[in-house]
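So the structure is just underneath, and the comments pick up after that.
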Amino acid sequence: MHTVLTVASGVLLTLGSIFLLTGAVGLLRFPDFYTRIHAGGIAETVGAGFILLGLLVRPDDWSPSVAVRLLVILAFLVLTSPTATHVLAQAARRDGVPVWEEGDGPQ
Amino acid sequence: MIATHYVYWVLFAIMMIGLYVVISHGNLLKKLIGLSIFQVGVFLFYISLGKVRGGSAPIISPTVQTYSHPLPQVLILTAIVVGVATLAVGLGLAVRIFETYGTVEEDEVITRSATDPADGVPEDSLNGGGGDAAQGDEA
Amino acid sequence: MILAVMVALLVAMGLVLARVYLGPGRYNRILAVNLFGTKTVLFVAVVGYVFGRPEFLDIAILYALVNFVATIAVLRLTHYDELVEQHHEEEV
Amino acid sequence: MSTEFTLVAIALLAMLTLTAMIISRLRGLYGAAMVAALFSLLTASLFVLMDAVDVAFTEAAVGVGVSTVLVLTVLALTHSREAVTPRNRRLPAVAVVVAAGGALVYASQDLPAFGSADSPIQTHPITDVYLVESQEDIGIPNVVTEVLASYRGLDTLGELIVVFTAGLTVLSLLGTLAPPEDCKPPGRFHLTDYRVIRIVSGLLMPFILLFALYVLFHGDYGPGGGFQAGVIFASGFVLYGLVFGLDRAQQVVPPRVLWLLVSLGPLVYAGVGVTTMLLGGTFLDYDMLNQGHPESGQHLGILVVETAIGLTVAAVMMTIFFGFASRGVTRK
Chain S
2 MHTVLTVASG VLLTLGSIFL LTGAVGLLRF PDFYTRIHAG GIAETVGAGF ILLGLLVRPD
62 DWSPSVAVRL LVILAFLVLT SPTATHVLAQ AARRDGVPVW EEGDGPQ
Chain F
564 MIATHYVYWV LFAIMMIGLY VVISHGNLLK KLIGLSIFQV GVFLFYISLG KVRGGSAPII
624 SPTVQTYSHP LPQVLILTAI VVGVATLAVG LGLAVRIFET YGTVEEDEVI TRSATDPADG
684 VPEDSLNGGG GDAAQGDEA
Chain E
79 MILAVMVALL VAMGLVLARV YLGPGRYNRI LAVNLFGTKT VLFVAVVGYV FGRPEFLDIA
139 ILYALVNFVA TIAVLRLTHY DELVEQHHEE EV
Chain P
24 MSTEFTLVAI ALLAMLTLTA MIISRLRGLY GAAMVAALFS LLTASLFVLM DAVDVAFTEA
84 AVGVGVSTVL VLTVLALTHS REAVTPRNRR LPAVAVVVAA GGALVYASQD LPAFGSADSP
144 IQTHPITDVY LVESQEDIGI PNVVTEVLAS YRGLDTLGEL IVVFTAGLTV LSLLGTLAPP
204 EDCKPPGRFH LTDYRVIRIV SGLLMPFILL FALYVLFHGD YGPGGGFQAG VIFASGFVLY
264 GLVFGLDRAQ QVVPPRVLWL LVSLGPLVYA GVGVTTMLLG GTFLDYDMLN QGHPESGQHL
324 GILVVETAIG LTVAAVMMTI FFGFASRGVT RK
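Chains as they are written, first to last, in this note's numbering: chain S, 2 to 108; chain F, 564 to 702; chain E, 79 to 170; chain P, 24 to 355.
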């Protein structure tokens, strides 16, 4: 059981790190605000979820109080992070932040 | 020397960046932001003095042997809240200065108070504040 | 394993910081600061595990919270006129 | 020092320095304020790394929550772009900075090595008083709370009065708060655009306030305490005001109640001190609160004092925010 959980936690943590890194690279490399928010926002939430779940199933220093807090953080992030990016994208659209089209240079 | 003191030096550098902003920039709000940077440098410096190698947070637990020193943390904890309260006073002063002179640039405030010390600025320059928020702010 | 996550987080933070520097404009910066905030939440959570006191996750909860408040504040206050009615507009 | 610690510390410090440089270079002040929030996040991470969990708590709530909101509110009231710094101002500044930095580095030779366990601060007898004896005298695991509220209670009372005075000063600078009916947002405020954010904020509000209470009362056992709880409470109401309009926020917490709370905190705090004197002890000697059982007297004293701190800090922060935010109304 212990080994299974350790492996599962390792897999989840690796997946989470990969998502976070790709999200960050996307944020840096994509040409305009909307593509960046797409890359950053979604990959970020998924990556954070995987990492928190990975910490949650880690059997080494598991205790109920830690597990509850991890779940609270997860709930908080899942609720606030997409809201924030959604509102951001909407506000940017309303303010007329330009959309990149093929052939434009990077902004 | 580098291995044992690098933290202090980096923190001094941060303090100095803050000091540079306070001295060289004329904008009163930017000065306040610079002051917060300086302040954070000082806070971190205090905390770094209390850190012990291999220590842990000073919340007593049977599994932990070494703790970092709690006293700098107490001092800095209150200092942070006092810091934001004083920041608010500074911001309040900046708002009043803007309402009187129509600008928060130090140089302009000095010239304007030298030319017509008695009366403030016409109403319309006050309303400029909300307007220029719509412009982009590239560095 | 946890250490690798920490390194990944630090690298990602660095990349986001580059976006903060490059901008351009307000929205790219808000986005970057917001994403940086999420990474700090994870960083604080992970630091607890690396240095053996995972019970301090309360701090991470707070980070998630203030990060949201800050993002909303930036969006709201850059459109200040929507928050408070301008009286003179009414009279005109 | 473990290698991991050193590497992580170097990475964070490097990012912190870069962020400070970015702030000093940005001329758009909205951008600078946002990067300042990021700076604060990094600082708080460093506090966690250096074992100062309570400080990290405060810094996150204050630096990212409250001070960003205040700076942005003031930017909305003034100009948001900075003039170019003339070259002739830069040179003297660089000279001063280099001189001061050089002096600091020179003086740092006398500092103990970072993290050394035999530095004067660690070997001073007070360290044992705080870390070992306190567990018998007071018996609360969080030493920072003990030192803050009990051993250095008088000092904290002084700090609380500074916060109180700052709140009064801001009020006297900005005038009284605008009445709620003048702060009504315009009709287009209630656009359906904002439905998501309103629902999510409404959902979060009770949890934020609950979390603030948890931080206040759990401060004895984990990171937390009056200052942190006060700031979190205030940022909950700031969020409410930003999302639902200032008028509704002021209806929830009317200015009259706010001013009562602002002055209640120092009064309660000093009142505890006077009570202990009447009971025959010295000022703020909580042992007197429960004669037969000094330990539970300490617990009671710390709890009351932390609550008083929380009340005043929350009320002052809210007063300041409402003061700045309604300034736009009274000015027009």
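We put the CB at the ideal spot given by N, CA and C, even for glycine.
Tell me which same chain residues have a C-beta within less than 7 Å of the C-beta of E105 of chain P, skipping the five on either side of it? Position 82 of the fourth sequence holds residue 105 of chain P. Once the five neighbours on either side are set aside, the close Cβ partners of E105 of chain P are R50, L52.
Closer than 7 Å at the beta carbon, the chain S residues around I220 of chain P: Within the fourth sequence, the letter at position 197 stands for residue 220 of chain P. T84, V88, listed in chain order.
Can you tell me where the alpha helix (DSSP H) with Y247 of chain P in it begins and where it stops? One-based indexing of the fourth sequence puts residue 247 of chain P at position 224. Note that residue 247 of chain P is Gly in the sequence shown, not Tyr. G247 of chain P -> no alpha helix (DSSP H), and no H or E assigned at all.
Report back the beta-carbon spacing between A60 of chain P and T91 of chain P to the nearest angstrom; my notes put them in contact at under 8 Å. Working through the fourth sequence from its first residue, we reach residue 60 of chain P at position 37. Working through the fourth sequence from its first residue, we reach residue 91 of chain P at position 68. About 4 Å; that satisfies the 8 Å criterion.
Taking the alpha carbon of G190 of chain P as the reference point, which residue from F:D670, F:I639, F:E668, F:A651 has its own alpha carbon closest? Counting from one through the fourth sequence, the residue named residue 190 of chain P turns up at place 167. It is F:A651.
Residues in the stretch 568-591 of chain F with C-beta within 9 Å of chain P's C-beta atoms, listed in sequence order? H568, Y569, V570, Y571, W572, V573, L574, F575, A576, I577, M578, M579, I580, G581, L582, Y583, V584, V585, I586, S587, H588, G589, N590, L591
Would a check of beta-carbon distances place G130 of chain E closer than 8 Å to chain P? As a working note, residue 130 of chain E is residue 52 in the third sequence. No, because no Cβ of chain P sits closer than 8 Å to the Cβ of G130 of chain E.
Whose C-alpha, out of P:A331, P:V285, P:I325, P:E159, is nearest the C-alpha of R175 of chain P? Residue mapping note: residue 175 of chain P aligns to position 152 of the fourth sequence, counting from 1. For the residues P:A331, P:V285, P:I325, P:E159, the minimum Cα distance to R175 of chain P belongs to P:I325.
Compare the C-alpha of G101 of chain E against each of S:F31, S:H87, S:T86 and name the closest. Residue mapping note: residue 101 of chain E aligns to position 23 of the third sequence, counting from 1. The candidate whose alpha carbon is nearest that of G101 of chain E is S:F31.
According to DSSP, what are the bridge partners of G51 of chain P? For the purposes of this step, residue 51 of chain P is taken as residue 28 along the fourth sequence, with counting starting at 1. Its beta-bridge partners are P:R104.
Have a look at T215 of chain P and A151 of chain E and give me their C-alpha separation to the nearest angstrom. Counted from its first residue, the fourth sequence places residue 215 of chain P at position 192. Counted from its first residue, the third sequence places residue 151 of chain E at position 73. Bear in mind that the predicted position of T215 of chain P carries a pLDDT of just 44, short of 50, making it too unreliable to give a figure here.
Restricting to Cα atoms, I'd like to know which of P:I149, P:A79, P:A67, P:A337 is closest to V280 of chain P. Here residue 280 of chain P refers to the residue found at position 257 of the fourth sequence. Measuring from the Cα of V280 of chain P, the nearest candidate turns out to be P:A337.
Show which residues of chain E have a CB atom less than 8 Å away from the CB atom of I38 of chain S. The sequence position of residue 38 of chain S within the first sequence is 37, counting from 1. Those are L109, listed as they occur along chain E.
Since G88 of chain P and K614 of chain F should fall inside the 8 Å C-beta cutoff, what is the C-beta to C-beta distance between them, to a whole number of angstroms? To locate residue 88 of chain P, count along the fourth sequence from 1; it is residue 65. To locate residue 614 of chain F, count along the second sequence from 1; it is residue 51. No, G88 of chain P and K614 of chain F are not in contact; Cβ-Cβ is about 26 Å, not under 8 Å.
Just to confirm the assignment: which complete alpha helix (DSSP H) runs, minimum length 4, are found wholly within the stretch 92-148 of chain P? 110-130, 143-146
Exposed or buried, what is S676 of chain F when buried is set at 16 or more other beta-carbons lying within 10 Å of its beta-carbon? Mapped onto the second sequence, residue 676 of chain F falls at position 113. Its Cβ having fewer than 16 others within 10 Å, S676 of chain F is exposed.
Short of 7 Å in beta carbon distance, which residues of its chain neighbour G346 of chain P, apart from the five on each side in sequence? Order them along the chain. Along the fourth sequence, read from residue 1 onward, the residue named residue 346 of chain P stands at position 323. For G346 of chain P, where only same-chain residues beyond five positions count, the Cβ hits under 7 Å are V193, L194, L197, L200.
How would you call V129 of chain P, buried or exposed, if buried means at least 16 neighbouring beta carbons within 10 angstroms? Here residue 129 of chain P corresponds to residue number 106 of the fourth sequence, with the count starting at 1. Before going on, a small fix: residue 129 of chain P reads as Tyr here, not Val. Counting Cβ neighbours within 10 Å, Y129 of chain P comes out exposed, since fewer than 16 surround it.
Nearest by alpha-carbon distance to T335 of chain P: which of F:D670, F:A648, F:F661, F:G655 is it? By one-based count along the fourth sequence, residue 335 of chain P stands at place 312. Among F:D670, F:A648, F:F661, F:G655, the Cα nearest to that of T335 of chain P is on F:A648.
Flag this pair as yes or no: are the beta carbons of Q158 of chain P and I622 of chain F separated by less than 8 Å? The count along the fourth sequence starts at 1 and reaches residue 158 of chain P at position 135. The count along the second sequence starts at 1 and reaches residue 622 of chain F at position 59. It is not a contact, given that the beta carbons lie outside the stated cut-off.
When the Cβ atoms of the stretch 308-326 of chain P are set against those of the stretch 161-178 of chain P, are three or more pairs found closer than 8 Å? yes
Along chain P, in chain order, which residues have C-beta atoms closer than 8 Å to that of K593 of chain F? Taking the second sequence and counting its residues from 1, the one referred to as residue 593 of chain F is at position 30. Simply L52, A55, E105.
Roughly how far, in whole angstroms, is the beta-carbon of A86 of chain E from the beta-carbon of L72 of chain S, given that I think they are within contact range, below 8 Å? For the purposes of this step, residue 86 of chain E is taken as the residue at position 8 of the third sequence. For the purposes of this step, residue 72 of chain S is taken as the residue at position 71 of the first sequence. Wrong, their Cβ atoms sit about 22 Å apart, outside the cutoff.
Flag V94 of chain P as yes if its beta-carbon sits less than 8 Å from any beta-carbon of chain S, otherwise no. Counted from its first residue, the fourth sequence places residue 94 of chain P at position 71. Not closer than 8 Å to any Cβ of chain S, the Cβ of V94 of chain P fails to qualify, so no.
Quick check on I23 of chain P: does DSSP put it in helix, strand or coil? The requested residue 23 of chain P does not occur in the structure, where chain P is confined to residues 24 to 355.
Would you mind telling me which residues of chain E sit closer than 9 Å to I231 of chain P, beta carbon to beta carbon, in chain order? As a position in the fourth sequence, residue 231 of chain P is number 208, starting the count at 1. Simply L143, V147.
Would you say A151 of chain E lies against chain S (beta-carbon separation less than 8 Å)? Stepping through the third sequence from its first residue, residue 151 of chain E is reached at position 73. Chain S contact via Cβ: absent.
Nearest by alpha-carbon distance to F28 of chain P: which of E:V111, E:V124, E:G115 is it? Indexing the fourth sequence from 1 puts residue 28 of chain P at position 5. Closest by alpha carbon: E:V124.
CB-CB under 7 Å to A142 of chain E, same chain, minus the five flanking residues each way: which ones, in chain order? Your numbering for residue 142 of chain E matches position 64 in the third sequence. Only V119 meet the Cβ criterion.
DSSP three-state assignment for S25 of chain P, whether helix, strand or coil: By one-based count along the fourth sequence, residue 25 of chain P stands at place 2. In this structure, S25 of chain P counts as coil in the three-state DSSP scheme.
Would the stretch 138-148 of chain P count as touching the stretch 279-299 of chain P if we require 3 or more Cβ pairs under 8 Å? no
Name the residue from F:A620, F:F608, F:L598, F:N590 whose alpha carbon lies nearest to the alpha carbon of G665 of chain F. As a working mapping, residue 665 of chain F is identified with position 102 in the second sequence. Ranking the options by Cα distance to G665 of chain F, first place goes to F:N590.
Within 8 Å of any Cβ in chain E, is that where the Cβ of E102 of chain S sits? Along the first sequence, one-based indexing puts residue 102 of chain S at 101. It does not; no Cβ of chain E falls within 8 Å.
Leaving aside the five residues before and after I80 of chain E along the sequence, list all residues of the same chain whose C-beta is less than 7 Å from its C-beta, in chain order. Translated into the one-based positions of the third sequence, residue 80 of chain E becomes position 2. Around I80 of chain E: V124, Y127, V128.
Using the rule of at least 16 other Cβ atoms within 10 Å of the residue's Cβ for burial, across every protein chain shown, is T629 of chain F buried or exposed? Residue 629 of chain F sits at position 66 when you count from the first residue of the second sequence. Classification of T629 of chain F: exposed, given that the 10 Å Cβ count is below 16.
Kindly give me the distance between the Cβ atoms of F530 of chain F and M578 of chain F, rounded to whole angstroms, as I take these residues to be in contact under 8 Å. The requested residue 530 of chain F is not part of the displayed model; chain F covers only 564 to 702.
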